[in-house]
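Numbering (our numbering), first residue to last: 1081 to 1523. Every residue, glycine too, gets a C-beta built ideally from N, C-alpha and C. These notes concern the structure reproduced below.
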Ligand SMILES: Cc1cc2nc3c(=O)[nH]c(=O)nc-3n(C[C@H](O)[C@H](O)[C@H](O)COP(=O)(O)OP(=O)(O)OC[C@H]3O[C@@H](n4cnc5c(N)ncnc54)[C@H](O)[C@@H]3O)c2cc1C
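Structure (structure tokens):
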């Protein structure tokens, strides 16, 4: 009879924060939302305070054990879980790092603990008469820390910018346990390097974000939502330009292609919204809408109608995933080349694959979903990213690099840029214990 020896690191971590090495819990935290990326997890640690985060990182650094920060685990690029061949990794889950400060109404900002969900932050801001500018379909699960770590985009970028534009201050813990905190949220603060900006978009490779001071905005005027059929992405962009009068506030301009819309209607049990099946359906939300005559469109002005129409766009990712493990590729391109990109992607797809495309039209950001490919087939993703690069786009628009695109960072960034990033990584995390394998490959 063999008795398993206790894992001394797990015992040590248990004295610092709530820790488990239960195999079922570890497996759940070791697989991401796409089910395409998974790896071995040694323990899941759920600190409740910044001090506990510091203690966990100090203990793991001493043993040179890799740590992956994880928020809601809704990331779509394999950044929140270990790779399949990685050494068993400690997942530092932020779900117990919750809480929000009082809204500073004069300074239009609030401090939020990293594990707070986006939906909780929205409710807190709204109760004080403000809105938070980042929103996305995974709002009930995605955390503020995760959205800052990925510099998330979402459905309000055309109105408020990406997450980086909302960050006024940040607290984080470095790999050696050092706590760096600047949460004062001054409108003007030019005192040296902006550590919050550096941490934003660092995908858990430079530090664990424990709290963020975020910018809030006055609520927009009442809005209308319209879904309209168009022949092309260029026609969709032209429609957004002509349907939103000068001076009106544009809150969102999104697109789903015919395949995505079919999948959404089937998945969510919705009726097709338009009179016929167009190549693309464009969703526009604005404070005023004055669409040209004769278009095939539906519109809604009350809250229930707006929610109902948004469902056609927001269910697109889940509807694609209902086909099985799909390849989700997030890319951007100059607006005038979006049709060439989308058409080229469909041409590249093998005959037995099923391609659907949707995304944030105003931002030139397409989400490509390919069903029917083996999960570990990277050749096809690479072909899509080569096309993006040839058209002057970016291999990641808003989801980040994670593990899925770490090998292809050099398609969008120069060798000098990658070398600078590597030097920053090595300076802040000399042992490369924080999320190793995500974003950068160690030389
Ligand atoms: C249905 C659906 C719709 C989505 N729509 C959008 C969209 O419109 N726009 C968009 O940008 N994304 C979108 N996403 C992707 C995802 O929601 C975002 O990437 C989100 O920012 C991830 O937050 P999270 O808390 O789930 O982070 P996780 O998935 O847990 O982690 C993501 C990355 O951040 C790191 N990380 C997490 N928390 C911390 C922390 N506290 N400190 C340091 N690093 C940390 C992780 O290590 C990992 O690299 C969508 C996902 C789904 C499932």
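query = Taking DSSP as the reference, what is the three-state secondary structure of residue 1409?
reply = strand
ask   = What is the residue span of the alpha helix (DSSP H) that residue 1450 lies within?
value = Premise fails: residue 1450 lies in the beta strand (DSSP E), 1445-1451, not in any alpha helix (DSSP H).
ask   = So, do the stretch 1161-1177 and the stretch 1299-1310 have three or more beta carbon pairs nearer to each other than 8 Å?
value = no
task = With DSSP as the reference, label residue 1177 as helix, strand or coil.
result = coil
query = Would you say the stretch 1460-1469 touches the stretch 1478-1491, given that touching needs at least three Cβ pairs under 8 Å?
reply = yes
inquiry  = Under DSSP, the alpha helix (DSSP H) around residue 1122 begins and ends at which residues?
reply    = No alpha helix (DSSP H) holds residue 1122; the beta strand (DSSP E) holding it covers 1121-1126.
query = Quick one, are the C-beta atoms of residue 1370 and residue 1438 less than 8 Å apart?
reply = no
key: C-beta contact flag for residue 1330 and residue 1238 at 8 Å   = yes
ask   = What's the gap between the Cα of residue 1383 and the Cα of residue 1332?
value = 15 Å
inquiry  = Would residue 1198 and residue 1227 qualify as a contact pair, given that the criterion is a beta-carbon distance under 8 Å?
reply    = yes
request  = Apply the 10 Å Cβ neighbour rule to residue 1101 and answer buried if 16 or more other Cβ atoms are within range, or exposed otherwise.
outcome  = buried
inquiry  = Can you determine whether any heavy atom of ligand 1 sits closer than 7 Å to the C-beta of residue 1225, and answer yes or no?
reply    = yes
ask   = For residue 1341, is the classification buried or exposed, using 16 other Cβ atoms within 10 angstroms of its Cβ as the cut-off for buried?
value = buried
key: Rounded C-alpha distance that separates residue 1436 from residue 1402   = 13 Å
message = I'd like the list of long-range same chain contacts for residue 1221, defined as Cβ closer than 7 Å, with 5 residues on each side in sequence excluded.
response = 1152, 1154, 1197
message = For a test of your reading of the model: does the CB of residue 1149 fall under 7 Å from any non-hydrogen atom of ligand 1? Yes or no.
response = yes
query = Quick one: does the C-beta of residue 1473 sit closer than 7 Å to a heavy atom of ligand 1?
reply = no
task = Consider the C-beta atom of residue 1446 and the heavy atoms of ligand 1; say whether any pair is separated by less than 7 Å.
result = no
inquiry  = Below 7 Å, is the gap between the Cβ of residue 1478 and the nearest heavy atom of ligand 1?
reply    = yes
query = Should residue 1154 be listed as close to ligand 1, given that the test is whether its C-beta is under 7 Å from any heavy atom?
reply = yes
ask   = So, are the CB atoms of residue 1232 and residue 1216 less than 8 Å apart?
value = yes
query = Taking the Cβ atom as the reference point for each residue, do residue 1164 and residue 1119 lie within a distance shorter than 8 Å?
reply = yes
task = Identify, in the order they occur along the chain, each residue of the same chain with its Cβ nearer than 6 Å to the Cβ of residue 1516, setting aside the five sequence neighbours on each side.
result = 1146
ask   = Apart from the five residues just before and just after residue 1395, which ones in its own chain have a Cβ nearer than 7 Å to its Cβ?
value = 1344, 1347, 1348
message = Is residue 1113 close to ligand 1? I mean its beta-carbon at under 7 Å from any heavy atom of the ligand.
response = yes
message = Between the alpha carbons of residue 1315 and residue 1434, how many angstroms are there, rounded?
response = 24 Å
task = Report whether the distance from the Cβ of residue 1288 to the nearest heavy atom of ligand 1 is below 7 Å.
result = yes
task = Might you give, ordered along the chain, the residues of its own chain that have their beta carbon closer than 7 Å to the beta carbon of residue 1379, omitting 5 neighbours on each side?
result = 1304, 1305, 1306, 1369
key: Option nearest residue 1393 by Cα separation, candidates 1141, 1157, 1234   = 1234
inquiry  = Once DSSP output is grouped into helix, strand and coil, what is the label at residue 1197?
reply    = strand
query = Measuring CB to CB, does residue 1187 end up less than 8 Å from residue 1223?
reply = no
ask   = Would you say the stretch 1280-1288 touches the stretch 1502-1519, given that touching needs at least three Cβ pairs under 8 Å?
value = yes
query = Is DSSP giving residue 1337 helix, strand or coil here?
reply = strand
Local conformation of residue 1218 per DSSP, three classes = coil
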